[in-house]
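>
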Amino acid sequence: MKYSAKSSIKEKLIFHVDMDAFYASVEQADFPEYMGKPVIIGASPGHRGVVAACSYEARKFGVHSAMPISQAYVRCRDGIYLPVRMKRYQEVSHKIMAAFNDFTPEVIQISVDEAFLNMTGTEKLFGTPEETAHKIKDRIKKDTNLNISVGIAHNKFLAKLASDYNKPNGLYIVQKGKEIEFIDSLKLEDLWGLGKKTLERLEKSNIYTPGDLRAANQAQLRGLLGGSSGDFLYKIVRGIDPGMYTGKIKNRSVSNEITFREDTRDPEVVKLTLLELSYKVMFRVLEEKELGRTVQLKLRYSDFTTFTLRETHNVSIKSAEELFSIANKLLNKKWKKTEKIRLIGLGLSSLEDINTPGQIEMFEDNYEQSQKIEQAALAIRKKGNKITKASLLNRKVRGDTT
0 MKYSAKSSIK EKLIFHVDMD AFYASVEQAD FPEYMGKPVI IGASPGHRGV VAACSYEARK
60 FGVHSAMPIS QAYVRCRDGI YLPVRMKRYQ EVSHKIMAAF NDFTPEVIQI SVDEAFLNMT
120 GTEKLFGTPE ETAHKIKDRI KKDTNLNISV GIAHNKFLAK LASDYNKPNG LYIVQKGKEI
180 EFIDSLKLED LWGLGKKTLE RLEKSNIYTP GDLRAANQAQ LRGLLGGSSG DFLYKIVRGI
240 DPGMYTGKIK NRSVSNEITF REDTRDPEVV KLTLLELSYK VMFRVLEEKE LGRTVQLKLR
300 YSDFTTFTLR ETHNVSIKSA EELFSIANKL LNKKWKKTEK IRLIGLGLSS LEDINTPGQI
360 EMFEDNYEQS QKIEQAALAI RKKGNKITKA SLLNRKVRGD TT
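Taking numbering that gives the first Met the number 0, the leading residue of the sequence shown gets 0, the next gets one more, and so forth.
#1: What is the rounded straight-line gap between the Cα of Gly-238 and the Cα of Ala-132?
#2: Just checking, does the region 32 to 44 make contact with the region 156 to 164 on the three C-beta pairs under 8 Å criterion?
#3: With burial defined as no fewer than 16 other Cβ atoms inside 10 Å of the residue's Cβ, what is the status of Ser-228: buried or exposed?
#4: For Val-314, which of Gly-120, Gly-45 and Gln-108 has the nearest alpha-carbon?
#5: Identify every residue that forms a DSSP beta bridge with Arg-213.
#6: When burial is assigned at 16 or more other CB atoms within 10 Å of the CB, is Lys-328 buried or exposed?
#7: Could you give the first and the last residue of the continuous alpha helix (DSSP H) run that contains His-93?
#8: Quick check: the Cα distance between Gln-217 and Ile-235, rounded to an integer number of angstroms?
#9: Would you report the Cα separation of Glu-275 and Thr-258, rounded to the nearest angstrom?
#10: Can you give me the start and stop residues for the beta strand (DSSP E) that Val-294 sits inside?
#11: Would you identify the three-state DSSP class for Phe-362, choosing helix, strand or coil?
#12: Please identify the residue among Val-284, Leu-223, His-63 and Asn-255 whose C-alpha is closest to the C-alpha of Tyr-22.
#13: By Cβ distance, which residues of its chain are closer than 7 Å to Gln-27, with the 5 residues on each side in sequence left out?
#14: Give the DSSP-derived three-state secondary structure of Phe-60 in the structure shown.
#15: With DSSP as the reference, label Val-38 as helix, strand or coil.
#16: Considering Cα atoms alone, identify which of Lys-123, Val-253 and Tyr-80 is closest to Glu-286.
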């Protein structure tokens, strides 16, 4: 067990809890024969695909997430290659989050394998921060046979950095008054929220360390990276909470629907219409500087029977292509190809500001792609809600409701 010296935190107390190598660890817990062996989640060798996750044993061979499976196999031929079992991972995730709720009612889940816990004022219930962290770790180990890493600080950003500090199975506390010292012990790329493009821009400006970044004033950072990103970096390098993951999800949704002039069961027409709706909805969401996590598909058959399907994801939908892929799967689950469709609608809800710290890193590496999406969607709107695919242009509709 790795952890820092006794804590003197007396103010706001935030835990960031991260499940170590989650997907691979679930497989090792479910199949003990995989323990201590390099487990690689994704496609099988010889097939196209990328590594979705891998165990720490696999990482020793240089395997990492998003690496092509073919490359992973070259580095680790004796690895255990397994398919993604998302349903199982979500089951375990739900169990873990339920356990967290036994320690505090304020749990903010930010992905399938990590969450923030507001533990302020719980000392009389569970003891010191160190004691509480051990109790949580022991509970998760008992319930799931998984190890977790815990970071503790007085704000979410520092707590998240701390949870990465002593992985795996770590525990680290950022002491009050020691924030700058802790940040300066890290590399610039270790600061959460800085993606590849941001790091490249900083290096071009001779900014290589957290200290270099702190030496730049706020106006310089805003000019270099833009207002939101500049303000974000100015705060985090000083240990100031940038307001990440407030847990406030907007209730409103963004949706579009199209009614066909003639009811159709033509799969190509339906698919292309859904593609058009995906671009329209994503454009409107991006236009409002937001991202959404809940996809809603609406179908109305020729007899006016109407179905609505929803699917909520742990992370935000980042592109029209991703939105279309999810919506198309929902469509295939429900639509009987013998039924003619009168209306199809698509929406996004569980909206969050795109500039919310935590969204920035996730979105910036797809920046160029997102710009193409916005341009394509804008072109659709300027052409009077028409898409340039010939087969879709030939489609006749009764109306387009926004």
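Positions of the beta carbon are idealized from the N, C-alpha and C atoms, including for glycine.
Reading off the structure:
#1: Going from the Cα of Gly-238 to the Cα of Ala-132 covers about 22 Å.
#2: no
#3: Around the beta carbon of Ser-228, 16 or more other beta carbons lie within 10 angstroms, which makes this residue buried.
#4: Per the Cα distances, Gln-108.
#5: Per DSSP, none; premise fails for Arg-213.
#6: exposed
#7: 85 to 99
#8: 12 Å
#9: 13 Å
#10: 289 to 300
#11: Residue confidence is low: Phe-362 scores 47 on pLDDT, short of 50, so the model does not pin down where it sits. Its coordinate-derived value is still stated next. Three-state result, Phe-362: helix.
#12: His-63
#13: Tyr-33, Met-34, Val-38 and Ser-54
#14: coil
#15: strand
#16: Val-253
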